[in-house]
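Novice: FYI, the numbering for the sequence shown is 16 to 102, going by our numbering. Following this message is one structure expressed as structure tokens.
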Amino acid sequence: MYQHVVIHGSKGFYYQYPDWNMRGEMIKDEERHFIDGFVGEDVNEVCKVVEYKLDGVDNPKDTGILYVCYHIGSKEPFHFEIDAPGM
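Here's what the structure looks like:
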């Protein structure tokens, strides 16, 4: 079972998970191909990729980048990936 809390605000979001309390702010929003870090392959189509900088609330050393991919014109994400050491 997933137990997490996400609160959206005008300047970003707050994400709470059992081991993480993270604050995120959007840093980039563009249409491009996205390389899936887990598979190492391009997504077959151009998609909207939104990048968020993550900062730890309880531990400032916890940082990373969250990539969220959307089909063009859609508001529902189809893929996300976190690039951060230890996450």
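Using N, Cα and C, we set each Cβ at its ideal position, and we do this for glycine too.
Short check: CB of isoleucine 42 to CB of tyrosine 67, under 8 Å?
Specialist: Against a cut-off of 8 Å, the Cβ pair of tyrosine 67 and isoleucine 42 comes out as a contact.
Novice: So, at 6 Å on beta carbons, what are the nonlocal neighbours of histidine 94 in its own chain, with the 5 sequence-adjacent residues on each side left out?
Specialist: Counting only Cβ-Cβ distances below 6 Å, and skipping sequence neighbours, we find Cys84.
Novice: Is tyrosine 82 buried or exposed, if buried means 16 or more other CB atoms sit within 10 Å of its CB?
Specialist: Flag for tyrosine 82 reads buried.
Novice: Check each candidate in Ser89, Tyr32, Asp98, Gly27 and name the one with the smallest Cα separation from valine 61.
Specialist: The candidate whose alpha carbon is nearest that of valine 61 is Ser89.
Novice: With distances taken from CA atoms, which of Glu96, Val72, Lys76 is nearest tyrosine 30?
Specialist: Of the listed residues, the one whose Cα sits closest to tyrosine 30 is Val72.
Novice: How big is the Cα-Cα spacing for isoleucine 97 and glycine 39?
Specialist: The straight-line gap from Cα to Cα measures roughly 12 Å.
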